[in-house]
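Everything below concerns the one structure shown next.
Shown next, in the form of structure tokens:
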């Protein structure tokens, strides 16, 4: 898999050079200057009088049905007269398919649930593969424009260095979205008479008790698991003293690289100890999403919401699964966790192949209304949610499914990163699950006070981004291989550490830091 990812990265980089030469500014300008057809309505609905069909590409959650079966898309088609042909895939497959779509120029008309990185926005926007959206927003997207006018920091966060907006964001003000969360098996804690740990030593002792005493009487206990090593990193590494984003963090104005720090070395040693003692899921580097969540009843501490990991119909049961708090360790005496921005970039983009950009922008603009967000996040009234007498929304449970599973049948915003505006007011209207409001309180009390941003949301110049993309192909591949070997015992951490650090430096870590430092310094000047 790692070799496949590396080859894909190299293919993308090689073809990018060809694309730059092939995509002229004239092509981009032709999109900007094009006039909508007589079939198009600039206001009101439907967006087009006669139906049109566009190709849409996005990342579908494993818990979702095929998108053409989802009520969201059916409702949007009825409202707008815009139909879709679908190109969806899940997780790593989507990332690879997205890269291949750009590399081969086999583009959809619309990326939705796109998970576009800042680098992809800059790279493919500057090449003309993604079209600028700011003029379309001014002309045809009053809801998005209103959001930009009311939130000046939003415009700054999604405008690339060349002055263009190439992708649309989502806003999510929930505390549970602004910091990573690991969850604890509360019934097991109660059975053991144990408290939540406050240090990594206490955390280790708790995992041992889970394993040795089997408080859930499940037989094959998995004390600690995560969907991916990255999920474990964001959940536990801050306890060792590093709050990072993809290996990068800023401390007192100086940019550092996490994977070469002594604190990360101690983190690896800790996980290697857990792995050796079967306290860490030994399948974490190989399991699929489906295999991961299937372990739910046997897990003590995990990285996915309890209703997904453990599974239960009554949402109030979530209160039996508390959050793992920030902890101190031998390398860190300050409790801390990661703080994400409430602005989530790269959710949707229109490509150069789209012959109906105005209509597409109007389709997207609806998603920034209250009704559009409700449709995106809650689904179909009467099937996945309903309103009570207090004007609060209540998620429904059907056919023995949990509310999340039911919700995901028709709401793409359950499991997929889509454009929508989730405000505090939206969350406060949840009436059928008072427990979720308590969970928000947990996050606000237990996590947010200790949250810090590792590195601001910046954009890099085209040249910087191209260099980052080149460097990270080898850096990421080597790092992921060595992380797995260190944790599983395939390589000795003490014996190999200096060689490992030296290899990362040879692969260009110092240049990577310099680029991020320059971007940070530019960002600081604008504050």
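In my numbering, the protein residues as written are 1 to 527. Beta carbons are placed, not taken as given, at the ideal position from N, Cα and C, and that holds for glycine. Quick caveat: nothing in here was measured; it's all calculated off a predicted structure.
Selection from the options that minimises the alpha carbon distance to residue i
i: residue 359; options: 119, 58, 133; result: 133
i: residue 221; options: 337, 298, 372, 361; result: 298
i: residue 106; options: 293, 125, 433, 55; result: 55
i: residue 196; options: 144, 320, 477; result: 320
i: residue 379; options: 405, 223, 87, 388; result: 405
i: residue 98; options: 115, 84, 85; result: 115
i: residue 434; options: 392, 84, 68; result: 392
i: residue 84; options: 73, 234, 93; result: 73
i: residue 526; options: 96, 449, 302, 459; result: 459
i: residue 522; options: 464, 482, 367; result: 464
i: residue 42; options: 113, 136, 101; result: 136
i: residue 349; options: 112, 212, 501; result: 112
i: residue 401; options: 412, 187, 420, 311; result: 311
i: residue 228; options: 253, 410, 296, 302; result: 302
i: residue 315; options: 481, 431, 264, 343; result: 431
Rounded separation between residue i and residue j - CA only
i: residue 91; j: residue 454; result: 25 Å
i: residue 202; j: residue 184; result: 14 Å
i: residue 159; j: residue 166; result: 8 Å
i: residue 340; j: residue 177; result: 8 Å
i: residue 237; j: residue 427; result: 29 Å
i: residue 189; j: residue 215; result: 8 Å
i: residue 369; j: residue 439; result: 26 Å
i: residue 512; j: residue 248; result: 9 Å
i: residue 103; j: residue 489; result: 37 Å
i: residue 128; j: residue 205; result: 55 Å
i: residue 332; j: residue 259; result: 16 Å
i: residue 472; j: residue 171; result: 28 Å
i: residue 233; j: residue 293; result: 19 Å
i: residue 493; j: residue 517; result: 29 Å
i: residue 510; j: residue 218; result: 48 Å
i: residue 476; j: residue 403; result: 37 Å
i: residue 287; j: residue 281; result: 10 Å
i: residue 147; j: residue 424; result: 15 Å
i: residue 267; j: residue 345; result: 30 Å
i: residue 309; j: residue 322; result: 13 Å
i: residue 304; j: residue 150; result: 33 Å
i: residue 313; j: residue 37; result: 49 Å
Beta-bridge pairing of residue i - partner residues as DSSP gives them
i: residue 183; result: 302, 323
i: residue 249; result: 256
i: residue 87; result: 57
i: residue 111; result: 57, 349
i: residue 573; result: The chain is shown from 1 up to 527; residue 573 falls before or after that span and cannot be answered.
i: residue 422; result: 172
i: residue 385; result: 381, 395
i: residue 222; result: 299
i: residue 130; result: 351
Beta-carbon proximity check, residue i vs residue j, cutoff 9 Å
i: residue 82; j: residue 443; result: no
i: residue 447; j: residue 175; result: yes
i: residue 422; j: residue 373; result: yes
i: residue 396; j: residue 383; result: yes
i: residue 250; j: residue 456; result: yes
i: residue 45; j: residue 365; result: no
i: residue 408; j: residue 64; result: yes
i: residue 351; j: residue 93; result: no
i: residue 377; j: residue 414; result: yes
i: residue 157; j: residue 169; result: yes
i: residue 478; j: residue 524; result: no
Coil, strand or helix - residue i by DSSP
i: residue 174; result: coil
i: residue 462; result: helix
i: residue 64; result: coil
i: residue 403; result: helix
i: residue 449; result: helix
i: residue 378; result: coil
i: residue 505; result: helix
i: residue 477; result: helix
i: residue 279; result: coil
i: residue 328; result: strand
i: residue 456; result: coil
i: residue 315; result: helix
i: residue 360; result: helix
i: residue 72; result: helix
i: residue 434; result: helix
i: residue 6; result: Caution is warranted here: a pLDDT of 47 is assigned to residue 6, below 50, making its placement in the model unreliable, and no coordinate value can be reported.
i: residue 414; result: coil
i: residue 208; result: helix
i: residue 337; result: strand
i: residue 48; result: strand
i: residue 40; result: strand
i: residue 344; result: strand
i: residue 199; result: strand
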